[in-house]
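Enquirer: First to last, the protein sequences are chains A and B. Using my numbering, read the first sequence as starting at 11 and increasing by one per residue. Using my numbering, read the second sequence as starting at 70 and increasing by one per residue. Every residue gets a Cβ at the ideal spot worked out from N, C-alpha and C, and that includes glycine.
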Amino acid sequence: MFVIVAGGGKVGFYLGKELAEQGHEVVIIEQESRRAAEIESELGSLVMVGDAAEATVLREAGAERADLVAAVTGDDEDNLVICQVAKVRFHSGRTIARINNPKNAEIFQRLGIDDTVSATDVVLSVIEQEIPRQHLVPLLRLRNTDVEIVEAVIREGSAVAGHRIRDIALPSSSNIAVIIRDGTPIFPKADDPILFGDHVIAFTTRENEARLRSALLGD
Amino acid sequence: MNIIIMGCGRVGARVASQLSQAGHDVTIIDLVERAFRRLDPEFKGATMVGNAIDVDVLRRAGIERADAFAAITQGDNRNVMASQIAQHIFGVPKVVTRIYDPLRQETFELLGVQSISPTVIGADAFLAILDPTAEGQPSGSKESA
């Protein structure tokens, strides 16, 4: 793959480094020449100085033949514009924007950005996993397909504790993939029961999330 | 009209003051309180400190009821982001943006963003005096097709 990484901060640097180590062709675009020089001394000549929101800079970086443009500067607005210019002017393959404000995930998607990554959301989901809650904790969203991987902790009031998986009325487009019981992962068969205290890892879609929650957590 | 303006610099303050004078309900948003000193003393609208690329700030400013939105900060990218949110997320009927960079203006015209480029307007104004026959766009305002 040919990847353009826009933004040579910590994220851009390590992203570029990892991608290059994996054998992909990478260009990092960094605005500040001193920072670009630092990157060059560590990673070699895969860095270019310029403002990645400018069409001339993206053109020089090869945006027309980029399979992926990852805009990972520290500012949501810059990442939005970089991705939009890449997509609209150069028809670059896929655009990913880093966002700080979780509310920009949906907004950016509606404005044509293929994927967003929010460090805030990732930390939130890690925090939520630590706190017992009466809801489904989203672990991962596969945005293109609306599929989510969620975790439910079976506690008081759950109608499914003690029941076999085959006897639980799961909504459509949902299934139970793994049960973590006392720290041990179990890949359950239909005849296996769900027990009180289990962490149930399930696949579902966004539309069916509420019904899955009802089914597992007895809402 | 209910109008929200992002950015109380010289242009933003002037636009806001004149719209308020003309009888419109104006809300002007800026990152810093002291920017509002640029407004006319007779300005009758509302001021709000906040970052207008944040959807919560726009909601608090009343974007859901706005008839018009103008993005007039120093930053092209912030302007372009806020105005697209106004136009595509909130469906504000009239949205206009300042974009200094002529190339960015061209790109965003393709995305339906209506913009004013002071660079283009300014250059054209100079050319009109220095050599009217030199190449130039007739107007700095690029509307969506």
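(1) For chain A, find out if any of its Cβ atoms is closer than 9 Å to the Cβ of threonine 188 (chain B); answer yes or no.
(2) What residues of chain A sit near glutamine 183 (chain B), judged by a beta carbon separation below 9 Å?
(3) Indicate whether alanine 207 (chain A) and arginine 165 (chain A) have their beta-carbon atoms separated by less than 9 Å.
(4) Taking Cβ positions only, does glutamate 212 (chain B) come closer than 9 Å to chain A?
(5) Once the 5 residues before and after asparagine 71 (chain B) are set aside, which same chain residues still bring their CB inside 7 Å of it?
(6) Given alanine 169 (chain A), which residues of its chain have a CB within under 7 Å of its CB, disregarding the five upstream and five downstream residues?
(7) Determine the closest residue to isoleucine 190 (chain A) out of A:Val163, A:Ile92, A:Ser43, with distance taken between C-alpha atoms.
(8) Indicate the three-state DSSP secondary structure (helix, strand or coil) for methionine 11 (chain A) in the structure shown.
(9) Give the DSSP-derived three-state secondary structure of phenylalanine 177 (chain B) in the structure shown.
(10) I need the DSSP call for leucine 180 (chain A), collapsed to helix, strand or coil.
(11) By how many angstroms is the C-alpha of threonine 188 (chain B) removed from the C-alpha of alanine 18 (chain B)?
(12) Valine 127 (chain A) lies in the alpha helix (DSSP H); which residues open and close that run?
(13) Any idea if glutamate 111 (chain B) is buried or exposed, counting beta-carbon neighbours within 10 angstroms, 16 or more meaning buried?
(14) Out of A:Gly84, A:Gly26, A:Glu52, A:Asn114, state which residue places its alpha-carbon closest to the alpha-carbon of isoleucine 153 (chain B).
(15) So what does lysine 163 (chain B) bridge to, in DSSP terms?
(16) Which residues in chain B sit within 8 Å of isoleucine 117 (chain A), going by Cβ to Cβ distance?
Expert: Let me spell this out:
(1) no
(2) Those do not exist, as glutamine 183 (chain B) stays about 16 Å from chain A at its closest Cβ, beyond 9 Å.
(3) Residue identity differs from the one stated: residue 207 (chain A) is glycine in this sequence, not alanine. The answer is yes: Cβ separation under 9 Å.
(4) For glutamate 212 (chain B), the pLDDT reaches just 45, beneath the cut-off of 50, and the residue's location in the model is therefore unreliable, although a value from the coordinates is still provided. So, not an interface residue.
(5) Asp94, Gly131, Arg134, Ala135, Asp136
(6) Gly228
(7) A:Val163
(8) coil
(9) helix
(10) coil
(11) Residue numbering for chain B in the displayed model covers 70 to 214; residue 18 (chain B) lies beyond these limits and cannot be assessed.
(12) Counting along the chain, valine 127 (chain A) falls outside any alpha helix (DSSP H), though it belongs to the beta strand (DSSP E) covering 125-128.
(13) exposed
(14) In the sequence as displayed, the identity of residue 153 (chain B) is glutamine instead of isoleucine. Cα-wise, what sits closest to glutamine 153 (chain B) is A:Asn114.
(15) B:Ala137
(16) Val124, Ile154, Ile158
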